[in-house]
Structures are given as structure tokens and as C-alpha cells.
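In the working numbering, the protein residues as written are 72 to 265.
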Ligand code: AMP
């Protein structure tokens, strides 16, 4: 774990199913740590809003609840990681979502002599996830899309739990609690091991 020596540049991945609150927690933690959040969902939504070529390509996939292809996502993230603000560390939210994406991320970091410090997994029971996502759904989301997102998470993204556990990076946090309590436990989990 090459990142361990330099705690001044935290490189952390926020991980969890749709509705686990990882976007909220990523924003809070990034402010506490003074590092930027890299949210691939936000980047893609921005590309769609701007009718950028990337946006035109991904709009339909996003609307269906599916995943944008790994190669495109690799390009998006590699480009973002080239920005100078990343030198202080970063918090990834929504990337990687597949094992090939995790391998690409490892490669990008390796080429810079860097590595992830920790992967925070927000654990929330399935029933609560569905309840939360139905409550906060965006205008264009219907229940079919929400369920598809969860299905895709189970099939494509959940295997990353084992991937990062094997690397000793996984920090499991109970996400089924008030926002501020979850935020505190994340900080504790990051201090505890690592
Ligand atoms: P999010 O806001 O992270 O839930 O992302 C919204 C949508 O953007 C997802 O449902 C996917 O269609 C797409 N997306 C975001 N990040 C990724 C990724 N790492 N890989 C594939 N698709 C992604």
C-alpha cells in the first residue's frame, strides 16, 4: 500500500449501492480533508447538459440505468486525474464500478507512483435503499430505472468488494444511520487502520 506513508494526500474511494448516501458522504468528507471529489456521475451529467459529444453518446445509457462502457470511463477519469488539483489527493465517487475499471484506476495511479489509501463501503439494507432512492428520485427516473441501477450494482459493481478486501483496503461503515453519525464513523474508520 504505497499511499500509506503520505496521509497528507488522501486517495480514497467511496463505495456503495445507489441510495447508500455515498454522494452526500463524499462531499462532506472531501470538505473535511480538503481534497476534490471526482464524481463520474456529475461529470457525465454535465457533459449531457452541455450537449458535449461525450454527453450525446452516454445520455441514453444513463437514462436506462445501465453503465457507460469501461473504455469511455477510463478516458474520462484519466483526463480528470491529469488536473493539478488532484495532487493534494482525491475522493472518488461512482468510479470504479466494474473490475476492469478498478484495474484501469490502479494502472493510472501506478504510472504516477500512487495507490489508493482506502475504500469506504457504505452498508445499507436493501429495503432501505429502495425506499431512499424512490424518495429522492430525479424527474426522469422511474421505478424501473431505479431497480435496474440496483441490479447493475449487484452484478457489475459488488464484485469490487472482494477485489478491495483482498487488497486490505476495505473499510466497512454502517450507512443506515443519520448523515452526521455516518460521517464521523467514516473518519474513525479511516484513522483506525490504514
Ligand atoms: P451516479 O451519479 O454515480 O449514480 O451516475 C449516474 C449514471 O452515470 C450511472 O447510472 C451510469 O449510467 C453513469 N456512470 C457514472 N459513473 C460510471 C462508471 N464509473 N461507469 C459506468 N457508468 C457510470
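Cβ coordinates follow ideal geometry from the N, Cα and C atoms, glycine included.
Here the structure is a predicted model, which means the values were calculated and not measured.
In the three-state scheme derived from DSSP, where H, G and I count as helix and E and B as strand, residue 108 is classed as strand. Around residue 90, the same chain offers 200, 203 and 204 as residues with beta carbons nearer than 6 angstroms, after the five sequence neighbours per side are excluded.
The continuous stretches of beta strand (DSSP E) do not include residue 123, and DSSP gives it neither H nor E. Cβ neighbours of residue 116 within its own chain (closer than 8 angstroms, five residues either side excluded): 133. The beta carbon of residue 220 sits closer than 7 angstroms to at least one heavy atom of the ligand AMP.
Where residue 189 is concerned, the enclosing beta strand (DSSP E) starts and stops at 189–194. Under the 8 angstroms Cβ criterion, the region 178–186 does not count as touching the region 97–114, having fewer than three qualifying pairs.
Counting along the chain, the unbroken alpha helix (DSSP H) around residue 236 starts and ends at 230–237.
Nearest neighbour of residue 192 by Cα position, chosen from 216, 152, 247 and 150, turns out to be 247.
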